[in-house]
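Asks: Sending over a structure as structure tokens; questions will come in a sec.
In this note's numbering, the protein residues as written are -5 to 269.
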């Protein structure tokens, strides 16, 4: 996940590394990462390289130089500005803003050959009732209809596996599926095996994370996530898409060492379950 190879300096666990995003490509290449999942957040979004032609060209150049790919964008912007949480009068304005910004990001993705946009529906953007679910569904279908057909949409929710599957199927669109997050699920108390074997082919991407039940993100293997059950389930469903490291940070200044350790942790399960 973008930003994990940058010293946070008080910026929290996840942020866009405006001061270091280019260098992260070379750091990723050095430690053997195949890709960086980009972040598009609310803060200073017009300075995000996905927003400008100059930035897009720079991303192309860095991909070519390092061989490190960008296959997905995490649209964290939406967690900060979900239109369906606003009052009625403000809702139309925010919805228009959501649409315009997401459509511009999708155009950048098309130019860069990025095939997955992830929309987080957790925390401040969590779908809490039928009206919010219906409002988001109607809005997203309008976006999908106009987007390049090569782009898929992965939703990250806090719904239980049965309700999540039902919600995805309700879109009646094969380009809309799940972005599965092992940490968010373990923090809620869901069974990871049950989730992935329920969602099955609807899982487009996986964020590897560990959280304590009803608590915070912790180092892999020290929280409530049962990675044995997760990877057993992924093996059974024939999962073949990406794994994105979105785990807890380690000591500041030792970002490369921390990510290398996480890679080793995940690789042992990938090899054990032949994924």
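In this text, a Cβ means the ideal position worked out from N, Cα and C, and glycines have one as well. On a predicted model such as this, the values are computed, not experimentally measured, just so you know.
So which of 231, 181 and 188 has the shortest CA-CA distance to residue 217?
Replies: Here residue 217 corresponds to residue number 223 of the chain shown, with the count starting at 1. The option with the nearest alpha carbon to residue 217 is 181.
Asks: Can you tell me which of 57, 168 and 102 puts its alpha carbon nearest to the alpha carbon of residue 139?
Replies: Taking the chain shown and counting its residues from 1, the one referred to as residue 139 is at position 145. The shortest C-alpha separation from residue 139 is found at 168.
Asks: Mind checking whether residue 110 and residue 150 have CB atoms under 8 Å apart?
Replies: Position 116 of the chain shown, counted from the start, is the residue given in the question as residue 110. Position 156 of the chain shown, counted from the start, is the residue given in the question as residue 150. Contact flag unset, no.
Asks: Using a Cβ-Cβ cutoff of less than 6 Å, which residues in the same chain neighbour residue 14 once the five nearest sequence positions on both sides are dropped?
Replies: Working through the chain shown from its first residue, we reach residue 14 at position 20. Hits under 6 Å: 0.
Asks: Return the chain-ordered list of same chain residues with a C-beta closer than 7 Å to the C-beta of residue 165, the five sequence neighbours on each side being excluded.
Replies: As a working mapping, residue 165 is identified with position 171 in the chain shown. Only 131 and 135 meet the Cβ criterion.
Asks: Nearest by alpha-carbon distance to residue 82: which of 148, 126, 249 and 252 is it?
Replies: For the purposes of this step, residue 82 is identified with residue 88 of the chain shown, where counting begins at 1. Per the Cα distances, 126.
Asks: Do you know offhand how far residue 89's Cα is from residue 146's?
Replies: To locate residue 89, count along the chain shown from 1; it is residue 95. To locate residue 146, count along the chain shown from 1; it is residue 152. Those two C-alpha atoms are separated by around 20 Å.
Asks: Exposed or buried, what is residue 265 when buried is set at 16 or more other beta-carbons lying within 10 Å of its beta-carbon?
Replies: Walking along the chain shown from the start, residue 265 turns up at place 271. It is exposed - the Cβ of residue 265 has fewer than 16 other Cβ atoms within 10 Å.
Asks: Hey, residue 238 and residue 269: beta-carbon distance below 8 Å or not?
Replies: Taking the chain shown and counting its residues from 1, the one referred to as residue 238 is at position 244. Taking the chain shown and counting its residues from 1, the one referred to as residue 269 is at position 275. In this structure, residue 269 does not lie closer than 8 Å to residue 238 by Cβ.
Asks: Who pairs with residue 148 in a beta bridge, going by DSSP?
Replies: Here the question's residue 148 lines up with position 154 in the chain shown. According to DSSP, which records beta bridges pairwise, residue 148 is partnered with 112 and 171.
Asks: Can the beta-carbon of residue 19 be found closer than 8 Å to that of residue 68?
Replies: The residue labelled residue 19 in the question sits at position 25 within the chain shown. The residue labelled residue 68 in the question sits at position 74 within the chain shown. Going by C-beta atoms, residue 19 is not nearer than 8 Å to residue 68.
Asks: May I ask you to report which of helix, strand or coil DSSP gives residue 41?
Replies: The sequence position of residue 41 within the chain shown is 47, counting from 1. Helix, per DSSP.
Asks: When the Cβ atoms of the region 222 to 231 are set against those of the region 247 to 267, are three or more pairs found closer than 8 Å?
Replies: Segments in contact, yes.
Asks: One question on the structure: do residue 178 and residue 198 come within less than 8 Å of each other, judged by their Cβ atoms?
Replies: Walking along the chain shown from the start, residue 178 turns up at place 184. Walking along the chain shown from the start, residue 198 turns up at place 204. Not a contact, by the Cβ cut-off of 8 Å.
Asks: Using alpha carbons as the reference points, say which of 158, 252 and 104 lies closest to residue 141.
Replies: Looking up residue 141 in the chain shown gives position 147. Of the listed residues, the one whose Cα sits closest to residue 141 is 104.
Asks: Could you name each continuous beta strand (DSSP E) segment of 3 residues or more that falls completely within the region 228 to 255, going from the start of the chain to the end?
Replies: Those beta strand (DSSP E) runs which fall completely within the region 228 to 255 and span 3+ residues are 236 to 239.
Asks: Less than 8 Å between the C-beta atoms of residue 219 and residue 193, yes or no?
Replies: For the purposes of this step, residue 219 is identified with residue 225 of the chain shown, where counting begins at 1. For the purposes of this step, residue 193 is identified with residue 199 of the chain shown, where counting begins at 1. No; because the gap between Cβ atoms is not below 8 Å, this pair is not in contact.
Asks: Comparing alpha-carbon positions, which option in 78, 202 and 30 lies nearest residue 124?
Replies: Counted from its first residue, the chain shown places residue 124 at position 130. When each option's Cα is compared against that of residue 124, the closest is 78.
Asks: For residue 207, which residues in the same chain have their Cβ closer than 6 Å to its Cβ, ignoring the five residues on either side in sequence?
Replies: Here residue 207 refers to the residue found at position 213 when the chain shown is read from its first residue. These residues qualify, in order along the chain: 183 and 218.
Asks: Over what stretch of residues does the beta strand (DSSP E) that includes residue 199 continue unbroken?
Replies: Residue mapping note: residue 199 aligns to position 205 of the chain shown, counting from 1. Here the beta strand (DSSP E) through residue 199 covers 197 to 202.
Asks: From this set, 10, 155 and 27, which residue's C-alpha is nearest residue 41's C-alpha?
Replies: Numbered from 1 along the chain shown, position 47 holds the residue referred to as residue 41. It is 10 whose Cα lies nearest to the Cα of residue 41.
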